[in-house]
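Worksheet: one structure, shown below.
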Amino acid sequence: MNDIDENNATPSGERFVSQLDWNLLRSFVVIVEAGSITTAARRLLRGQPAVSLALKRLEEALDTRLIERGHGQFALTEAGRALYQECADLYGGVARLPDLAARAEVEVSGQVSIALASHVVTPLLDDLLARTHADHPRVRFRLRTATSAEVARAVQDRTASFGICLANRQNPDLDYAVLYREFFGFYCGPDHPLFGRAGLTLDDLRGRDAVAFETDDLNDALRPVALLRRQSALDQTVVGRSSQLEEVRRMILCGLGIGALPVHVAARDVADGLLWRLPPYDDPPAVDIFLVANPRKRLNRAEALMIDDLRRSIATMPLGARTYPGG
429 MNDIDENNAT
439 PSGERFVSQL
449 DWNLLRSFVV
459 IVEAGSITTA
469 ARRLLRGQPA
479 VSLALKRLEE
489 ALDTRLIERG
499 HGQFALTEAG
509 RALYQECADL
519 YGGVARLPDL
529 AARAEVEVSG
539 QVSIALASHV
549 VTPLLDDLLA
559 RTHADHPRVR
569 FRLRTATSAE
579 VARAVQDRTA
589 SFGICLANRQ
599 NPDLDYAVLY
609 REFFGFYCGP
619 DHPLFGRAGL
629 TLDDLRGRDA
639 VAFETDDLND
649 ALRPVALLRR
659 QSALDQTVVG
669 RSSQLEEVRR
679 MILCGLGIGA
689 LPVHVAARDV
699 ADGLLWRLPP
709 YDDPPAVDIF
719 LVANPRKRLN
729 RAEALMIDDL
739 RRSIATMPLG
749 ARTYPGG
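Per the numbering used here, the sequence shown runs over residues 429 to 755.
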């Protein structure tokens, strides 16, 4: 038999739910638990005829008998037992609603999409990710690396919750705050003629082939590095470029040329004998890494929590504590 009303094409189950007086279910539950209509009437503070009528109306709505009664008999039918079980589950769920609502107010969830410049290395971000996951396990993370320009564009387009990148020119529509400062040094790989040599000066670097970041330019994000090249007359031939730190590192390791890397990032490779630090050893170029946010983006609770956490770190921690030493 088709369960669709031919007049309005609405499923009879949906029609039943929309037309049901939910008080009938409550009366039915009390009747079953009281074991009689008379006792149920006292508990409901209603007259016995009204409670009997409620049971009758529910049976008519369901088109089935729920309780066998009369001549001292009071017993649930199979349909009555099934309905009572459903009602018990239903009322149990309703009773939990205040707790669920209160928990939802406390529990933070949602996706956080972070756009990062290549090889951002800072405990400020690492600790934040670990802490957020531990405190709010329902938060989901999406981390994507890109050029600094692409990071800023993703934040502006609101496809990223926030960004961490270099910034030579700041977009007036975005908020910028220095998350940390790092220093860049020049390095060469094991096959390079300068590898392992002590007492080098900038003169030893002149005329050598070099590899560079796409942003290693006087008009771009790595202006301090490009400025050092110009001021020191390091007229090197750039034989390779990349926007990714990992690829610049690869070219240095392969001996393509001298390249600049963040000192704290390259420290592990230097300790492992994979890279050799070159001059200048004193006053290396400093580069600021920014937290970038869009004030017009509507944030979910997880996004707001993480941005506020980073801003609090910036506000309370001196820049010196967020600066990686150059030596």
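We put the CB at the ideal spot given by N, CA and C, even for glycine. Keep in mind the model is a prediction, meaning the values are calculated, not measured.
Under 8 Å by Cβ, that's how I've got residue i and residue j pegged, so tell me the actual separation to the nearest angstrom.
i      : j      : result
Val715 : Phe590 : In fact, because the Cβ distance is near 19 Å, the residues do not count as touching under 8 Å.
Ile686 : Arg636 : 5 Å
Val653 : Met679 : About 15 Å; that fails the 8 Å criterion.
Leu494 : Ala482 : Going by Cβ atoms, the distance from Leu494 to Ala482 rounds to 11 Å, so no, they are not a contact pair.
Phe641 : Leu650 : 6 Å
Alpha carbons only, please: which of the options is nearest the one belonging to residue i?
i      : options                        : result
Pro753 : Arg729, Pro708, His692         : His692
Ala595 : Gln584, Ala580, Asp601, Asp585 : Ala580
Val460 : Cys515, Phe612, Thr629, Asp711 : Cys515
Phe612 : Ser576, Glu488, Ala577, Pro712 : Pro712
Arg669 : Asp517, Leu490, Thr575, Ala507 : Thr575
Phe718 : Ala577, Thr466, Ala605, Leu486 : Ala605
Pro707 : Asp491, Asp644, Gly624, Val666 : Gly624
Pro690 : Ala562, Arg609, Arg726         : Arg609
Thr643 : Arg597, Ala699, Gly463, Gly500 : Arg597
Arg658 : Asp710, Leu633, Ile542         : Leu633
Quick check: the Cα distance between residue i and residue j, rounded to an integer number of angstroms?
i      : j      : result
Val457 : His564 : 39 Å
Ala749 : Pro621 : 37 Å
Ser671 : Leu684 : 16 Å
Ala695 : Val522 : 59 Å
Ala732 : Leu673 : 29 Å
Thr744 : Asp517 : 51 Å
Val536 : Ile735 : 14 Å
Glu675 : Gly520 : 59 Å
Leu747 : Pro723 : 23 Å
Ser455 : Leu556 : 53 Å
Asp433 : Val583 : Its pLDDT being 47, under 50, Asp433 is placed unreliably in this model, and the value from its coordinates should be taken loosely. Approximately 51 Å between the Cα atoms of the pair.
Just to confirm before moving on: does the CB-CB distance between residue i and residue j stay below 9 Å?
i      : j      : result
Thr573 : His547 : yes
Ser741 : Leu552 : yes
Leu544 : Leu738 : no
Arg568 : Gly538 : yes
Arg703 : Leu681 : Inspection of the sequence shows that residue 703 is occupied by Leu rather than by Arg. Contact flag set, yes.
Arg485 : Leu452 : yes
Val549 : Arg570 : no
Ala478 : Ala469 : yes
Thr492 : Gln476 : no
What's the call for residue i, buried or exposed, on a 16-neighbour Cβ count within 10 Å?
i      : result
Glu487 : buried
Tyr709 : exposed
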